[in-house]
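Right, one structure below, let's go through it.
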Amino acid sequence: AQSVTQPDIHITVSEGASLELRCNYSYGATPYLFWYVQSPGQGLQLLLKYFSGDTLVQGIKGFEAEFKRSQSSFNLRKPSVHWSDAAEYFCAVGGRRGFKTIFGAGTRLFVKA
Amino acid sequence: DGGITQSPKYLFRKEGQNVTLSCEQNLNHDAMYWYRQDPGQGLRLIYYSQIVNDFQKGDIAEGYSVSREKKESFPLTVTSAQKNPTAFYLCASSSRDRNTEAFFGQGTRLTVV
Chain G
1 AQSVTQPDIH ITVSEGASLE LRCNYSYGAT PYLFWYVQSP GQGLQLLLKY
51 FSGDTLVQGI KGFEAEFKRS QSSFNLRKPS VHWSDAAEYF CAVGGRRGFK
101 TIFGAGTRLF VKA
Chain F
1001 DGGITQSPKY LFRKEGQNVT LSCEQNLNHD AMYWYRQDPG QGLRLIYYSQ
1051 IVNDFQKGDI AEGYSVSREK KESFPLTVTS AQKNPTAFYL CASSSRDRNT
1101 EAFFGQGTRL TVV
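Protein chains in written order, with the numbering used here: chain G, 1 to 113; chain F, 1001 to 1113.
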């Protein structure tokens, strides 16, 4: 069965510290992987996506993610967190053409001064 | 600017009433989706449509109905049969012709009073 697991419900990091949000997926075919960010009461904005090729993908706002097939993981990273990064982050997996994309439960990021 | 517009942003409904949420897109996307978001549960797919005049049930379709009479529009009706309709509803669309991500509207928060 297809699934996405984000093990951390919430994470708190200090401003300027590095960040890693974990994502593990289960998918029978070649996965298409996404990270989205959501501010309170807003829609979701795409941070980055992986379809094929280089397993380290760069996204907007200084985020990057690494696809590790052997670990079924697609962790999101940022070297230095800014207060404006406080939001909820969703990992998602989909098949060809993005139909029936499956979302994880989300990780809420808190940033402390 | 191209995008997805959901209206209204906030909606209040009395128990026993049907209510319709609007979703319009001008991205020329073939596929459109409705998701429900509850705290700690990620996004759950209600209905999706790959083409005009066709739509499919998602994982939690009971108590909801949709129509797709125009490519640009995919309204969602929350019926009185939906036992727990208070939630945040997100509409999304994607291209059917390319492997690509879903684009999201800003959401509608429905509250049953």
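Even glycine gets a Cβ: it sits at the ideal position worked out from N, Cα and C.
Per DSSP, residue 24 of chain G is one residue of the beta strand (DSSP E) stretching across 24–26. Here residue 1029 of chain F is buried: its Cβ has 16 or more other Cβ atoms, across all protein chains shown, within 10 Å. For the pair residue 45 of chain G and residue 57 of chain G, the CB atoms are not nearer than the 7 angstroms cut-off. The residues 1047, 1055, 1076, in chain order, have a CB closer than 6 angstroms to that of residue 1066 of chain F in the same chain once the five nearest residues on each side in sequence are set aside. One thing to note: residue 39 of chain G has its Cβ within 7 angstroms of the Cβ of residue 87 of chain G. A distance below 6 angstroms between beta-carbons, with the five flanking residues on each side excluded, links residue 27 of chain G to the following residues of its chain, in chain order: 2, 93. An exposed status is given to residue 60 of chain G, since fewer than 16 other beta-carbon atoms sit within 10 Å of its beta-carbon.
Chain G places a beta carbon closer than 7 angstroms to that of residue 1101 of chain F, counting this residue as a contact.
For residue 84 of chain G, the secondary structure class from DSSP, reduced to helix, strand or coil, is helix. Residue 52 of chain G and residue 1100 of chain F have their C-alpha atoms some 12 angstroms from each other.
With a cutoff of 7 angstroms on beta-carbon distance, residue 25 of chain G and residue 80 of chain G are scored as not near each other. Chain order gives the chain F residues near residue 105 of chain G as 1040, 1041, 1042, where near means a beta carbon separation below 8 angstroms. Here DSSP, grouped into helix, strand and coil, assigns residue 1006 of chain F to strand. Approximately 10 angstroms separates the beta-carbon atoms of residue 47 of chain G and residue 85 of chain G; this is outside 8 angstroms, ruling out the contact. Annotated three-state conformation of residue 62 of chain G is helix, per DSSP. Taking 9 angstroms as the upper bound on Cβ-Cβ separation, chain F lies near residues 6, 9 of the region 6–25 of chain G.
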